Structures are given as C-alpha cells and as structure tokens.
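Peer 1: Numbers 0 to 369, taken from numbering that gives the first Met the number 0, label the letters of the sequence shown in order.
Glycine included, each C-beta is placed from N, C-alpha and C at the ideal position.
Model, not experiment: these values are computed from the prediction.
Submitted below is the structure of interest, expressed as structure tokens.
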Amino acid sequence: MHVTCLQENLAGGLQVAKQKTRHTTLPILNNFLIKAERGALTVTSTDLELGIKSIIRGRIEDEGSITIPQDKLISYIKHLPGEKVDLELSEETLTVKSGEEFSAQFHGMNSEEFPDLPQFEAKHVLQLDRASFVSALKKASICLAKTNTRPEIAGVYLSVHNGVLYLVGSDGFRLSEKQLRLDTEAPEGFSALIPTHTVQELIRILDAQEDEALELSFSDSQVMASLSTTEVISKLLEATFPQYDALIPQDFAYRVAFQKEDLRQAIQLAAVFSTDASHIIRLSFDPEGGLEVKSSQSEVGQNTSRIPVQLELGEQQPFEIMFHYQYLLDGLSAFDGEHLTFSFNDPDSAAVMRDSEDNSLLYLVMPLRE
C-alpha cells in the first residue's frame with residue numbers, strides 16, 4: 000500500500016471513524032482498518048455493535064490494507080505540521096511520512112483478522128436534511144438515561160405517520176417528542192429503536208459534516224446513515240418502545256405562558272438551595288399572575304425568585320407543583336424559541352412544555368413528591 004493525502008483530510012477522516020473501544024479479549028477492535036483499493040482510502044472502526052467507515056481523498060499508488068491502533072495514529076497525524084502525508088505499508092508496518100523531516104513506523108495487525116462490517120439490505124429509506132435531522136435527534140435524546148437497564152427505552156424511537164418523522168426519547172421520568180416533516184415519500188407506519196450509544200455517535204459525526212443530504216436506511220435489525228464520505232451502521236434494539244401516546248394528557252386544567260430565559264434563570268438560582276439528594280424545586284402560581292420558583296435546604300438556607308407569567312387556561316387560584324430542577328433545565332434547553340407554555344392538571348400528573356409558536360416539539364415531565 001502506498002497512499003498520499005492531505006494531512007487535514009486524513010486527520011479529519013480519522014476523527015470521524017474513531018470509537019472509544021477498550022477491548023482486551025479482541026484487541027484488534029481497538030484498531031482502525033486502513034484500506035486502499037479501487038482508487039479510495041477508507042478508514043473503518045467497529046465494536047461489533049456499531050461500525051463507522053470514513054472515505055478520505057488521496058492518491059492511491061499501491062493497494063493494500065492494515066490495522067493500526069486508533070489512539071496512537073490519531074495523535075500522531077493531528078500533530079504533523081506538513082501539508083501532505085505519505086502512507087506506505089511493508090508487511091505489517093505502516094510508515095507515515097510528512098516531507099523529509101517527519102517519519103514514523105506503526106506496527107499493525109493483519110487486516111484479515113478485522114471483523115467485516117455486516118451486510119446491509121435496506122428495506123426502508125428516509126431522505127433527510129442532515130442539519131434538521133441532527134437537531135431533532137439532539138432534542139429527542141435529551142431525555143435518554145446515561146445508564147439504563149430498561150432496553151425498551153434505551154434509545155431514540157423513530158416512527159413515520161402521515162409524512163412526519165417522530166423522534167422520541169424517554170428515561171421513564173420525562174419524555175421528549177420532536178416532529179420532523181418529510182419532503183420525500185416515506186414508509187407509513189415504519190418504526191425503529193436506535194440505541195443510545197449509536198445516537199450519541201450519530202450526533203457527533205453528523206454535527207461535523209457539511210453535507211446537506213443524509214440517507215437513513217433500515218433493515219430488519221440494522222440502521223445505516225450515509226453521507227458522501229461517511230457511513231455509520233449499527234444494530235437496532237429489539238425491544239418494543241412503550242405506547243407513549245397514552246402518557247400525554249390531551250386536556251389540561253392550567254396553562255401558563257412565560258419567557259424561557261426568565262424561568263431558566265430562576266431555576267438556576269433555586270438549584271443552589273436544592274438538596275443534593277432530591278433536587279426538588281417548587282413552582283408556585285398565585286392569583287395575581289406570577290410564578291414563584293422556590294427551594295430550601297436546612298443547612299444552607301432558602302431561595303425564592305418571582306417571574307411574570309400569563310395564565311392562558313384555568314382559574315386564578317394558588318397552585319404548587321414540584322420538579323427535579325435538572326429535568327426542567329434540560330427541557331428548556333431543547334426549545335429554540337423564547338416564548339413557551341407549561342400545562343398542568345394537578346401536582347401528581349404529567350406536565351407538558353411547548354413552544355408557543357412551534358408545535359413540533361413536546362417535552363413531558365413528571366412532578367416529584369416529597
């Protein structure tokens with residue numbers, strides 16, 4: 000193998016394909032598969048659940064393949080000062096040169112030991128705008144638990160109905176649903192559950208791309224995201240996502256309108272006095288149209304912030320409800336607009352946050368009890 004490419008292109012391609020793997024039973028999974036064939040240089044990584052392939056522009060003089068440790072190669076390439084990089088393979092040693100001044104040899108492992116990415120046969124294909132999809136994915140994934148023992152909610156649920164792609168995430172205490180209208184024909188009734196780790200990698204990779212178009216393909220058990228120079232393939236979760244529609248109240252006793260920044264600031268102040276164990280803050284609505292955000296901790300003190308709100312639904316009477324403050328902050332951060340509404344029924348029932356001018360995002364959160 001002998002390849003010449005730009006340092007910037009090679010460093011960028013390696014960053015896209017990298018994975019945080021620490022395999023001791025199968026050390027080759029800590030490596031990149033680097034392959035030059037049919038006029039293209041590809042870099043591939045896999046953890047057997049998720050595979051990433053990056054295509055890097057370059058001049059292929061001789062074909063070949065090798066696997067090289069990810070961390071070492073990334074660290075070396077990104078610090079090379081030269082514009083062009085030469086990759087030359089001799090047996091299982093990859094020589095990396097930049098001009099006459101810089102040269103390194105990496106001892107690799109035979110590429111034949113590297114697992115093949117699974118064969119993919121698409122049954123359903125979605126043509127998407129990359130930027131819109133990654134934005135929707137971020138909003139849906141804001142509710143995903145960092146560790147989850149319930150496989151049915153251990154990822155983002157995608158479904159298609161009436162030309163709209165629904166993306167839903169939940170950790171059992173809150174739920175985020177983002178609607179994305181599709182401009183092209185889509186499979187009605189289709190659904191899939193993408194694992195949390197795959198969602199995180201898709202967000203990382205798609206955020207760094209410049210392509211406008213994204214093709215998202217599904218087989219019975221896998222998903223593939225395809226861009227001009229990148230492919231991501233992952234297993235889907237086999238669990239069935241809960242029928243969440245029944246959890247969303249259709250009618251409310253109260254609805255208040257407020258400015259996002261007002262509530263965010265009040266919650267951040269209240270968080271200082273919230274107990275480390277419960278994270279509880281209180282939202283108290285009064286008949287004069289104000290909202291008090293309160294918190295207290297016996298060893299520290301207490302806090303009250305008052306913000307203006309407009310009662311859009313319900314009677315002018317006192318009402319108090321308690322929440323985990325971080326859940327509210329997460330919900331607020333998902334909205335792009337500044338004018339939001341918060342709807343309630345009682346202190347024990349789910350509350351729903353929406354944008355006053357954009358109905359495509361719903362954030363549901365369960366109250367807490369002392």
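Hey, could you find the ends of the alpha helix (DSSP H) D261 is sitting in?
Peer 2: K259 to A270
Peer 1: Can you look up I247 in the DSSP assignment and give me helix, strand or coil?
Peer 2: coil
Peer 1: Which parts of the region 140-212 are runs of the beta strand (DSSP E), unbroken and 3 residues or longer, counting only runs that do not cross its ends?
Peer 2: 154-160, 163-169, 173-180 and 190-194
Peer 1: Between the alpha carbons of F272 and Y326, how many angstroms are there, rounded?
Peer 2: 16 Å
Peer 1: Might you give, ordered along the chain, the residues of its own chain that have their beta carbon closer than 7 Å to the beta carbon of V299, omitting 5 neighbours on each side?
Peer 2: F272
Peer 1: Between the region 133-153 and the region 89-100, do at least 3 Cβ pairs fall closer than 8 Å?
Peer 2: no
Peer 1: Check whether the region 6-18 and the region 63-79 are in contact - that is, three or more C-beta pairs closer than 8 Å.
Peer 2: yes
Peer 1: Buried or exposed for L79, please, with buried defined as at least 16 other CB atoms from any protein chain shown within 10 angstroms of its CB.
Peer 2: L79 is classed as buried because its beta carbon has at least 16 other beta carbons within 10 Å across all chains shown.
Peer 1: Out of D210, R368, P241 and S218, state which residue places its alpha-carbon closest to the alpha-carbon of R281.
Peer 2: In terms of CA proximity to R281, R368 leads the group D210, R368, P241 and S218.
Peer 1: Taking all protein chains shown into account, decide if E230 is buried (16 or more other Cβ within 10 angstroms of its Cβ) or exposed.
Peer 2: buried
Peer 1: For Q104, count neighbouring Cβ atoms within 10 angstroms of its own Cβ and tell me buried if that reaches 16, exposed if not.
Peer 2: exposed
Peer 1: For K77, collect the residues of the same chain with a Cβ closer than 6 Å to its Cβ; drop the 5 residues on either side in sequence, then sort them by chain order.
Peer 2: A10
Peer 1: Which whole-angstrom value is the C-beta distance of F322 and Y253, which I expect to be below 8 Å?
Peer 2: Actually they are not in contact, since the Cβ atoms of F322 and Y253 sit about 15 Å apart, beyond 8 Å.
Peer 1: Taking 8 Å as the threshold, find out whether the region 177-184 comes into contact with the region 259-268 through three or more Cβ pairs.
Peer 2: no
Peer 1: Where does H78 sit, in a helix, a strand or coil, going by DSSP?
Peer 2: Helix.
Peer 1: Is it true that the CB of L339 sits closer than 8 Å to the CB of K234?
Peer 2: no
Peer 1: Which residue comes first and which comes last in the alpha helix (DSSP H) that contains Q6?
Peer 2: Q6 to A16
Peer 1: Mind checking which residues open and close the alpha helix (DSSP H) that includes S332?
Peer 2: Y324 to A333
Peer 1: With DSSP run on the structure shown, which of helix, strand or coil describes Q126?
Peer 2: strand
Peer 1: If R305 and Q208 are in contact, beta carbons under 8 Å, what's the gap, nearest whole angstrom?
Peer 2: Not quite, the Cβ-Cβ distance comes to about 45 Å (not below 8 Å), so this is no contact.
Peer 1: Measure the CB-CB distance between I55 and G12 and report whether it falls below 8 Å.
Peer 2: yes
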